[in-house]
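The sequence shown begins at 0 in numbering that gives the first Met the number 0 and counts up one residue at a time. Quick reminder that beta carbons are idealized off the backbone N, C-alpha and C, glycines included. Heads up: the structure comes next, in structure tokens.
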Amino acid sequence: MRKFIFYLLLVKKIFYIIIYPFFMGNSRFLRFFRMGMENYLIFQPAKLRAVRIKRELLGKFKTVRFVTLDGARLFAWFIEPKENKPTILYFHGQAESILNHQDIAEFALKNGYGLFMLSYRGHYRSWGLPSEKGIYTDAQTAINKLKDMGIEAKDVILWGHSLGTTVATHTAINNEVKALILQSAVLNMHYSAIDMANFYLRRLRIRTLKKYIKKHFKDVEFIQKFDNFKNLPKVKCPILLVHSKTDRVAPSKNARILALVNENAELYLAPRGSHWSMNWCIDKIADYIANLK
0 MRKFIFYLLL VKKIFYIIIY PFFMGNSRFL RFFRMGMENY LIFQPAKLRA VRIKRELLGK
60 FKTVRFVTLD GARLFAWFIE PKENKPTILY FHGQAESILN HQDIAEFALK NGYGLFMLSY
120 RGHYRSWGLP SEKGIYTDAQ TAINKLKDMG IEAKDVILWG HSLGTTVATH TAINNEVKAL
180 ILQSAVLNMH YSAIDMANFY LRRLRIRTLK KYIKKHFKDV EFIQKFDNFK NLPKVKCPIL
240 LVHSKTDRVA PSKNARILAL VNENAELYLA PRGSHWSMNW CIDKIADYIA NLK
């Protein structure tokens, strides 16, 4: 049954992607309709990927609840850093939750790093309607919350995965953080939609629509941008881009392109690895953090 629902959701997403170009325009109705489709495609909660908290992590982190300036009630996991260790502020990707990234908590505990795993509004145990502007506000509120807890931005490493890389990049522009780590990054919403459509079509074994997507999305402009390509040149802190050459969701060319737009960026391409795992990049990230000044 779960598998049937999963593929049903894929079909619905493909349908939205196919009809999206027909709703271009700046009228209030068209923008409202497009925003509805965008929010479904981007922010659908990860109900089908929900997992239990690992037994070995129970009691190892604190739960944090806080409220943004616009009234969203947020939830996060927090692990205190060991002495002189940085704190990682982690941003998960699309259709995921912090439950899907418990390996980040294990990584932090193993190395003595602090960790603040933010659950965006509308996601796991957080309340509010998600949007690009909204989750950027969530991220900044998390930075402010860490400061209230005695952790300054200069001791914070922003780590984003997939769509979460755009949140991390945007946050890095507005705060003097220690470093920025982008794992399996996307370029922007336009190219991410094309990449995801191609991924869904492969899963559904419907390759005939790939030419349609390429043709009709050439001039499509999304309301919500999630634009790493535009924002990354503005980042002044050290940057690490990690990507797998076999990523079937976000192609590794994304990282190659982004590495060229900021001279502070270091690029690591792993020969193999899944979009949703981190075993292929964890040693590189650990070494990078250990050598930060």
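message = Once DSSP output is grouped into helix, strand and coil, what is the label at Leu47?
response = Summary for Leu47: the model assigns pLDDT 49, below 50, so the residue's position carries little reliability, and this model does not support an answer.
key: Helix, strand or coil at Ile4 [DSSP, three-state]   = helix
Within 8 Å, strictly: CB atoms of Phe225 and Val185 = Closer than 8 Å, so yes.
Inter-residue Cα distance where the pair is Phe115 and Tyr15 = 34 Å
key: His122 - containing alpha helix (DSSP H), residue span   = Counting along the chain, His122 sits inside no alpha helix (DSSP H), nor does DSSP assign it H or E at all.
Nearest to Lys109 (by Cα), restricted to the options Ala152, Lys233, Pro80, Pro20 = Lys109 has its Cα closest to that of Pro80, out of Ala152, Lys233, Pro80, Pro20.
query = How about Gln101 and Ile150: do their beta carbons lie closer than 8 Å?
reply = no
key: Beta-carbon gap between Ile238 and Asn261 smaller than 8 Å   = Yes, these two residues count as a Cβ contact at 8 Å.
inquiry  = Determine whether the beta carbon atoms of Asn263 and Thr168 lie at a separation below 8 Å.
reply    = No, they are not a contact pair.
query = By DSSP, does Arg64 sit in helix, in strand, or in coil?
reply = strand
request  = Starting from Glu37, trace the alpha helix (DSSP H) both ways and give me its first and last residue.
outcome  = 27 to 42
ask   = Beta carbon of Gly92, beta carbon of Ser161: below 8 Å?
value = yes
key: Straight-line Cα distance separating Asp286 from Pro20   = 44 Å
inquiry  = Excluding the 5 residues flanking Gly163 on each side, which residues of the same chain have their C-beta closer than 6 Å to its C-beta?
reply    = Phe90, His91, Gly92
ask   = According to DSSP, is Gln139 helix, strand or coil?
value = In the three-state scheme derived from DSSP, where H, G and I count as helix and E and B as strand, Gln139 is classed as helix.
query = Is it right to say Leu47 is buried, meaning 16 or more other beta carbons lie within 10 angstroms of its own, or is it exposed?
reply = At Leu47 the pLDDT is 49, less than 50, meaning the model places this residue with poor confidence; the figure from the coordinates comes in the next sentence. Exposed, since its Cβ has fewer than 16 Cβ neighbours within 10 Å.
task = Measure the C-alpha to C-alpha separation of Asp188 and Ile134 and round it to an integer number of angstroms.
result = A small correction: the amino acid at residue 188 is Met; Asp does not occupy that position in the sequence shown. Cα to Cα, Met188 sits roughly 15 Å from Ile134.
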